[in-house]
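In what follows, a structure is listed as structure tokens, so that the remarks can point back to it.
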RNA sequence: GGCGCUAUCGUCUAGUCUGGUUAGGACGCGGGGCUUUCAAUCCCGUAACAUGGGUUCAAAUCCCAUUAGCGCCA
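In the working numbering, the protein residues as written are 46 to 544.
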């Protein structure tokens, strides 16, 4: 009845992501979300967001909000979810316990699941025994055949229990869209715990119920779920539910090729935002982590990704997260933005994340825009701007007088050099104080001055340092134009006093 | 320990299905041009088919084994 193929052809596929709000949205989850989103959009289906907050101790509202925020920021929008509703809600697992209970009771009634009263100590002893005998450590099935009266009695006594699923002794085969046929012998798994009690179902059980009731046709998730899949299929079959189509994505790895985690310095998506990465760059970058189009092209916006995306071209092996490449993508996107748009983005960014936001108020968009324009080739991410362009907003530059010295110049020569620059700049009218003009005038002066002609640095280096206070910066012409005649001359004065 | 997944430059990858490529692209890295510095940019370069057996005139590609890495369970 619920053949996914049928519903796919009629309404498009339904894909989902089901993060648990026990931490901030991280890159791996964002990538899984993106692939589900791209797949659903490409085939005219729906992308569903479900929150797996069945663990009340670890689940936090703050994390749930962070997941929404991060996904929205990346432009990955869901069609159904806890915040916007939908026809198959509720979309928060904590609000679905009545539903789970119903199915749990069904399994219990049909004798496909049972209460287990074994204590953790017993279980541990069993496990050790199995291992010592070279057997796979699975549950012995001790409580499988407890008489119903005994179960009732134990329950009434409040004896500690869990609900176990009777794993059928057979082999499960399933087709993975990315990996092909995968088969696993359920005999090796044993009777897994599917709930702590009727009101506290566990992941492998609840996910099956949710995916069925939400009419999920395609389960696209991380490779780390491959070994859960046969268990979930067994539960589906016990309940007589249809099997969705599976696709297991390769893992995102840290530099040591193990699962990307905090210890690799992996940060939540919102943290990348704080560092000044553009959402488009992150989306483009993570799309290429485990997926690649047939062409050599690498830059894709969301619309193009939807058009190009195909699960067939998803990689099987894990992909190392490479910040260098992310930086490159980000710098590409940064430079393709219009200056007006970028100025707006920068101002918003600085206001939100810079501690110098106050300082910024004194400066016009025009000023900010010019600063961005000349610093643009030097930055990978917006936070770089704060470090590189601070001298445009700082009144008192702090630098050592030694920095003013170009190569083997003496301090006296540096002093002379700055005085010469000041003299030339002084002669330029306020309204002609533009970079090209400044450059022309300074170069003319250099041409007729033997002491500078062979080595322009003797004039330009001290000037540039006087204006920027840095050993690396844009050219003095560009800086001077932005600073304006008055401030430029003032900074030269300050420099002269330092010598 | 058991089971599962994976294997092309340092990294992301194209090529593998359908055997014949100087094994391609990108990031990074190195060198050079431009240049007052740092960038940007342009040019050049660096670097890979995990190993061992087969099959074949011919193997990155097909088959088998091994090794290694990772994941899940506990």
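Ideal placement from N, C-alpha and C gives every residue a C-beta, glycine not left out.
Can you tell me which of the three DSSP states residue 155 falls into?
coil
Among 142, 491, 133, 222, which has the Cα closest to the Cα of residue 268?
222
The stretch 374-382 touching the stretch 318-325, judged by at least three CB pairs closer than 8 Å:
yes
Can you give the Cα-Cα distance for residue 506 and residue 88, rounded to whole angstroms?
59 Å
Examine the Cβ distances between the stretch 229-242 and the stretch 122-136 and report whether three or more of them are shorter than 8 Å.
no
Coil, strand or helix - residue 132 by DSSP
coil
Going by beta carbon distance, what residues of the same chain come within less than 8 Å of residue 354, once the five residues before and after it are set aside?
80, 83, 84, 87, 332, 336
Go through the stretch 255-305 residue by residue and report every complete run of the beta strand (DSSP E) that reaches 3 residues or more, in order.
263-267, 290-294
Would you check if the distance between the CB atom of residue 428 and the CB atom of residue 398 is smaller than 9 Å?
yes
From residue 177 to residue 248, what does the alpha carbon distance come to, in whole angstroms?
29 Å
Residue burial classification, residue 346 (beta-carbon count within 10 angstroms, cutoff 16)
exposed
Residue 306 to residue 72, Cα distance in whole Å?
9 Å
Give the range of the alpha helix (DSSP H) segment to which residue 198 is assigned.
193-202
Below 8 Å CB to CB, which residues in the same chain sit around residue 339 once its five sequence neighbours on both sides are set aside?
358
Buried or exposed: residue 19, going by 16 or more other Cβ atoms within 10 Å of its Cβ?
The shown model of the chain, from 46 to 544, leaves out residue 19, and the question about it has no answer.
Cα-Cα separation, residue 66 to residue 215:
35 Å
If you follow the beta strand (DSSP E) that residue 60 is part of, which residue opens it and which one closes it?
59-62
Short of 6 Å in beta carbon distance, which residues of its chain neighbour residue 150, apart from the five on each side in sequence? Order them along the chain.
none
Note down the Cα distance separating residue 296 from residue 364, rounded to an integer number of angstroms.
6 Å
Quick one, are the C-beta atoms of residue 236 and residue 260 less than 9 Å apart?
no
Going straight from the alpha carbon of residue 100 to that of residue 126, what length do you get?
19 Å
Work out the CA separation of residue 425 and residue 522 for me, nearest whole Å.
23 Å
Between which two residues does the beta strand (DSSP E) containing residue 244 stretch?
Run containing residue 244: none; DSSP gives neither H nor E here.
What residue from 508, 518, 97, 114 has the CA that sits closest to residue 533's CA?
508
Please state whether the Cβ-Cβ distance between residue 170 and residue 208 is less than 9 Å.
no
Terminal residues of the alpha helix (DSSP H) in which residue 337 lies
Run containing residue 337: none; DSSP gives neither H nor E here.
Decide if residue 510 is buried, meaning its Cβ has at least 16 other Cβ atoms within 10 Å, or exposed.
buried
Are there any heavy atoms of the ligand GTP lying less than 8 Å away from the beta-carbon of residue 534, as far as the coordinates show?
Absent from the structure shown: the ligand GTP. Ligands present: none.
Spatial neighbours of residue 372 within its chain, please: C-beta separation below 8 Å, excluding the five flanking residues on both sides.
425, 426
When you compare only the Cα positions, how much space is there between residue 163 and residue 201?
16 Å
Which residues in the same chain as residue 286 place their Cβ atom closer than 6 Å to its Cβ, once the five residues preceding and following it in sequence are excluded?
257
Taking DSSP's pairing of strands, which residues face residue 91 in a bridge?
59
If residue 483 sits next to residue 473, beta carbons under 8 Å apart, how far is it from one beta carbon to the other, in whole angstroms?
7 Å
With residue 431 and residue 388 assumed to form a contact (beta carbons below 8 Å), what rounded beta-carbon distance in angstroms separates them?
At roughly 15 Å, the Cβ-Cβ gap does not stay under 8 Å, so residue 431 and residue 388 are not in contact.
Going by the beta-carbon positions, is the gap between residue 146 and residue 243 smaller than 9 Å?
yes
Between residue 283 and residue 152, how many whole angstroms is the CB-CB distance? I'm expecting something under 8 Å.
6 Å
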